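These protein sequences, in sequence, are chains R and H.
Sequential numbering from 0 applies to the first sequence in numbering that gives the first Met the number 0.
Sequential numbering from 0 applies to the second sequence in numbering that gives the first Met the number 0.
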Amino acid sequence: MSGARGGLAESVYEVFARKTRGEPLRHIGYIDAPGDELARVYAWKTYDEENWFEMCVVPRGAVMPVNRTDGPWAANRPGRKDGAG
Amino acid sequence: MSQRAEDELKQKIRKGYILESPEEMTPGYRKAIIVQLTVQADTELMSAPAYWLAARHAPSTNTQVSAHAIIQDELAHANIAYRLLEDMGVSKEHLVYGREPNEFKHPYGFDQPLDNWAELVVANGFFDRAGICLLGDVHRNTSYGPLKRALIKVDMEETFHLRHGEVWMRRLARAGGAATELLQRCVDWMFPMTIEWFGLPDDLKRHSGQLDYKLKGLTNDELRQLWMSSTVPLCESLGLSVPAHYDAAAEEYVLDYPFPCEYDPEEKRWLFEDGKISWSAVFERWKGRGPMNERYVESVRRSRGAVSSWLN
């Protein structure tokens with residue numbers, strides 16, 4: 000997706016992080032990357048405004064909405080074939 | 000969609016409604032936020048090559064690391080703004096790689112060369128402060144939830160850039176002699192450059208919808224005043240002269256030169272002596288872009304084709 004070409008084709012990853020122990024894991028943003036490994040690197044380098052205790056990335060296509068029918072994950076509702084993965 | 004739908008959305012927004020997805024946007028809202036985000040993303044992107052070429056003049060390895068940390072932040076900010084646009088169906092690929100250099104929407108200030116360390120730190124002190132005024136206002140007021148959250152990071156980092164600028168401006172001002180003269184020359188062209196950045200005065204501005212949709216909270220003149228309210232006292236405390244002063248009776252900052260006026264990019268000099276010009280003449284100059292426009296755009300695109308072909 001993203002209109003990128005060939006070996007640079009990218010998909011979207013959601014970025015989650017928490018600042019310290021005891022804090023909730025928060026959705027802090029998202030990045031485009033051509034694969035899981037680079038997604039981890041790009042997330043760490045892009046969202047470096049805090050010294051995060053924990054950060055993780057999730058492919059946008061893996062997030063399933065429960066109650067909403069709009070927004071970035073709407074295409075991933077079970078039964079929809081146009082998933083954003 | 001009808002005017003009625005636009006009016007209904009504006010009314011909901013006035014009551015505090017926050018949009019969370021592009022599907023909730025009316026055509027008018029979508030158009031206005033795309034313009035706003037394109038300017039924001041292009042400005043962040045074009046600051047990177049401007050600062051990068053200037054970072055060669057860093058006086059030590061430590062200062063070079065700081066300058067490059069700022070550049071890295073700016074690229075991340077650009078990436079985040081383009082990503083928001085992508086979710087609205089606008090192609091990041093096209094915006095970064097598919098446009099002519101003169102189609103970018105960044106301010107004229109980022110078409111100018113930054114030729115020495117003093118110009119880089121004054122850019123941090125002036126241009127990044129303008130960024131904080133503009134984006135801080137968007138952060139406080141925007142009705143688009145994803146943008147509000149994205150700006151938390153941006154505001155934190157722009158504040159660091161501003162501090163970098165102020166600390167170095169202070170050091171150069173204290174040094175006296177050639178350093179202070181150079182600093183004053185930077186201020187002479189970069190102060191009016193930033194003033195112009197905030198755009199048309201309110202009494203001339205045609206209605207854009209950005210305020211009605213609460214994409215921002217302050218008008219151009221209010222933002223210009225906000226910028227001057229911290230920049231003018233800073234410069235005065237450093238013994239630098241600026242072409243503006245506080246008018247206690249009017250309770251606002253007043254410019255001491257004809258505004259807007261013509262600029263000579265080769266000489267890096269504002270032609271105060273030629274008097275006031277029209278805003279259409281200013282738009283004409285902006286449209287023609289400045290001396291570094293093509294080089295800056297080329298420098299962020301340079302390796303795209305080669306790397307892409309290796310991987311295919």
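Positions of the beta carbon are idealized from the N, C-alpha and C atoms, including for glycine.
The model shown is predicted, which means the values in this text are computed figures rather than measured ones.
Just to confirm the assignment, what range does the alpha helix (DSSP H) spanning residue 76 of chain R have?
No alpha helix (DSSP H) holds residue 76 of chain R; DSSP gives it neither H nor E.
Taking only runs of the alpha helix (DSSP H) that begin and end inside the segment 164-212 of chain H, which ones reach a length of at least 4 residues, in chain order?
176-196
CB contact check: residue 71 of chain R to chain H, cutoff 8 Å
yes
Exposure label - residue 277 of chain H; buried when at least 16 CB within 10 Å:
exposed
From the beta carbon of residue 155 of chain H, is the nearest beta carbon of chain R less than 8 Å away?
yes
Any 3 or more C-beta pairs closer than 8 Å across the segment 80-90 of chain H and the segment 237-250 of chain H
no
Alpha-carbon to alpha-carbon, residue 29 of chain H and residue 214 of chain H
11 Å
Would residue 45 of chain R count as contacting chain H if we go by Cβ distances under 8 Å?
yes
What residues from chain H crowd round residue 48 of chain R, counting only those whose CB sits closer than 7 Å?
152, 155 and 156
When you compare only the Cα positions, how much space is there between residue 75 of chain R and residue 10 of chain H?
32 Å
If we call anything under 8 Å between Cβ atoms a contact, is residue 16 of chain R one with residue 54 of chain R?
yes
Look up residue 226 of chain H in the DSSP assignment and say whether it is helix, strand or coil.
helix
Using 8 Å as the threshold, is the C-beta distance between residue 226 of chain H and residue 197 of chain H below it?
yes
Let me know if residue 311 of chain H comes out buried or exposed under the rule of 16 or more other beta-carbons within 10 Å of its beta-carbon.
exposed
What does the alpha-carbon distance come out to for the pair residue 257 of chain H and residue 109 of chain H?
22 Å
Please look up how many angstroms separate the CB atoms of residue 54 of chain H and residue 68 of chain H, rounded, as I've assumed it's under 8 Å.
Residue 54 of chain H to residue 68 of chain H, Cβ: 10 Å. No contact.
Confirm, please, whether the CB-CB distance from residue 28 of chain R to residue 41 of chain R is below 8 Å.
no
What are the residues that DSSP puts in a beta bridge with residue 32 of chain R?
R:10
Residue 22 of chain H CB to nearest chain R CB: under 8 Å?
yes
Anything in chain A within Cβ reach of residue 78 of chain H, meaning under 9 Å, just list it in chain order.
Chain labels in this structure do not include chain A; the protein chains are R and H.
One question on the structure: do residue 41 of chain H and residue 105 of chain H come within less than 8 Å of each other, judged by their Cβ atoms?
yes
Cα-Cα separation between residue 9 of chain R and residue 37 of chain R, rounded to whole angstroms
10 Å
Just to confirm, is the Cβ distance from residue 96 of chain H to residue 294 of chain H under 8 Å?
no
Taking 8 Å as the cut-off, does the segment 46-53 of chain H touch the segment 17-35 of chain H (at least 3 CB pairs, one atom from each stretch)?
no
Span separating the alpha-carbon of residue 244 of chain H from that of residue 274 of chain H:
19 Å
For the structure I just gave you, are there three or more beta carbon pairs, one from the segment 221-235 of chain H and one from the segment 246-253 of chain H, closer than 8 Å?
yes
Spell out whether any CB of chain R is found under 8 Å from the CB atom of residue 293 of chain H.
no
Mind checking if residue 37 of chain R is an interface residue toward chain H, Cβ cutoff 8 Å exclusive?
no
Measuring straight from C-alpha to C-alpha, what distance separates residue 132 of chain H and residue 138 of chain H?
10 Å
Please list the residues of the segment 1-33 of chain H that have a C-beta atom closer than 9 Å to any C-beta atom in chain R, keeping them in chain order.
19, 20, 21, 22 and 23
What number of angstroms, rounded off, separates the C-alpha of residue 246 of chain H from the C-alpha of residue 220 of chain H?
15 Å
Alpha carbon to alpha carbon, how far is residue 2 of chain R from residue 98 of chain H?
Only weak support exists for where residue 2 of chain R lies, its pLDDT of 39 falling under 50; the value from the coordinates is given anyway. Cα to Cα, residue 2 of chain R sits roughly 15 Å from residue 98 of chain H.
Under a Cβ-count criterion, where at least 16 other Cβ atoms within 10 Å of its own Cβ denotes burial, should residue 309 of chain H be classed as buried or exposed?
exposed
Bridge partners for residue 64 of chain R per DSSP, in chain order?
Paired residue(s): none; residue 64 of chain R is not in a bridge.
Nearest to residue 161 of chain H (by Cα), restricted to the options H:72, H:210 and H:147:
H:72
Quick one, which of R:77, R:34, R:26 and R:24 has its alpha-carbon nearest residue 66 of chain R's?
R:77
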